[in-house]
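Note sheet for the following structure.
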Ligand SMILES: [Zn+2]
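Residue numbers (the working numbering): 45 to 301.
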């Protein structure tokens with residue numbers, strides 16, 4: 045029998061040890077990877093304790109959702125638990141949106157992924173695009189941005205990345221697309237062809253561009269991630285006070301044969 049991510053979400057919401065045990069083994073490696081990328085590796089235990097709290101929002105969804113949607117939400121939760129550095133020069137979403145208006149959807153994504161602190165080579169791998177092309181797009185975006193702000197510096201977009209990401213995440217509306225549309229495109233099940241209305245929406249909506257980009261990030265994030273070793277999993281179960289029930293006696297006796 046396969047235990048799904050959705051069942052885990054239900055079990056964690058009901059505070060069942062099997063849900064938490066599965067979460068620890070399979071998702072701590074992803075949290076670790078996220079914290080290493082966003083520069084706060086020391087926060088792992090603190091983040092886990094916060095996620096384990098009963099009011100933790102990521103287990104509240106009652107709808108069956110794809111695992112990658114859950115991971116994208118987990119990413120938001122992990123980032124929300126790490127300190128938000130104040131940029132030297134603030135850049136708001138409206139200014140960035142106005143500057144990047146002439147760009148195509150793919151160009152906007154290549155630029156947005158820079159706010160998520162991925163360099164041209166990493167972004168190229170994520171978007172299946174030559175790093176040189178990403179660099180060219182980013183150079184153009186810098187020129188566009190420079191024309192719109194008073195105080196400009198090279199790293200302006202990445203420095204404001206977390207703030208821009210938060211602004212985009214909270215800016216959605218009723219026409220915004222569900223994760224499934226983005227995942228279907230990333231998996232090659234569909235393209236924008238025949239979905240021009242949707243494409244036009246995404247082109248103008250930074251909430252959707254952020255959502256789409258976070259899905260691209262998830263696809264890359266889960267590549268090659270292995271579950272925790274039994275010893276490590278036991279350490280984190282202890283941290284959260286999760287006690288697994290022993291299998292029934294007959295099972296243990298059977299196992300000995
Ligand atoms: Zn939208």
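All C-beta atoms, glycine included, are put in the ideal place defined by N, C-alpha and C.
Taking 8 Å as the threshold (C-beta atoms), are residue j and residue i in contact?
| i | j | result |
| --- | --- | --- |
| residue 71 | residue 123 | no |
| residue 273 | residue 156 | no |
| residue 87 | residue 125 | yes |
| residue 255 | residue 223 | yes |
| residue 144 | residue 185 | yes |
| residue 250 | residue 106 | no |
| residue 92 | residue 119 | no |
| residue 190 | residue 158 | no |
| residue 180 | residue 253 | no |
| residue 188 | residue 146 | yes |
| residue 50 | residue 66 | no |
Sorted by chain position, which residues of the same chain lie with C-beta nearer than 6 Å to residue i's C-beta, five sequence neighbours on each side aside?
| i | result |
| --- | --- |
| residue 39 | The requested residue 39 does not occur in the structure, where the chain is confined to residues 45 to 301. |
| residue 134 | none |
| residue 243 | 236 |
| residue 175 | 164, 165 and 168 |
| residue 203 | 131 |
| residue 128 | 206 |
| residue 84 | 126 |
| residue 216 | 251 |
| residue 141 | 250 |
| residue 220 | 251 and 252 |
| residue 211 | 137 |
Short of 8 Å in beta carbon distance, which residues of its chain neighbour residue i, apart from the five on each side in sequence? Order them along the chain.
| i | result |
| --- | --- |
| residue 116 | 223, 255, 258, 259, 261 and 262 |
| residue 160 | 205, 209, 257, 258 and 261 |
| residue 170 | 157, 162, 260, 261, 263 and 264 |
| residue 59 | 98 |
| residue 29 | Nothing can be reported for residue 29: it is not among the residues displayed for the chain, which extend from 45 to 301. |
| residue 64 | 55, 56, 96, 281, 284 and 286 |
| residue 195 | 133 |
| residue 73 | 269, 270, 271 and 272 |
Our contact map puts residue i next to residue j with C-beta atoms below 8 Å; I'd like the distance itself, whole angstroms only.
| i | j | result |
| --- | --- | --- |
| residue 284 | residue 96 | 5 Å |
| residue 57 | residue 103 | 4 Å |
| residue 149 | residue 230 | With a Cβ gap of about 14 Å, residue 149 and residue 230 do not count as contacting. |
| residue 61 | residue 289 | 7 Å |
| residue 139 | residue 53 | Wrong, their Cβ atoms sit about 37 Å apart, outside the cutoff. |
| residue 198 | residue 68 | That belief does not hold up - the Cβ atoms of residue 198 and residue 68 are roughly 40 Å apart, past 8 Å. |
Under 7 Å Cβ to Cβ from residue i, same chain only, skipping five residues before and after it: list those, please.
| i | result |
| --- | --- |
| residue 172 | none |
| residue 225 | 242 |
| residue 227 | 110, 112 and 259 |
| residue 89 | 283 |
| residue 301 | Reliability fails at residue 301, whose pLDDT of 47 lies under 50, so the model's placement of it is uncertain and no value is given. |
Checklist entry - Is there contact between the region 269–283 and the region 231–239, where contact requires at least three CB pairs shorter than 8 Å? => result no
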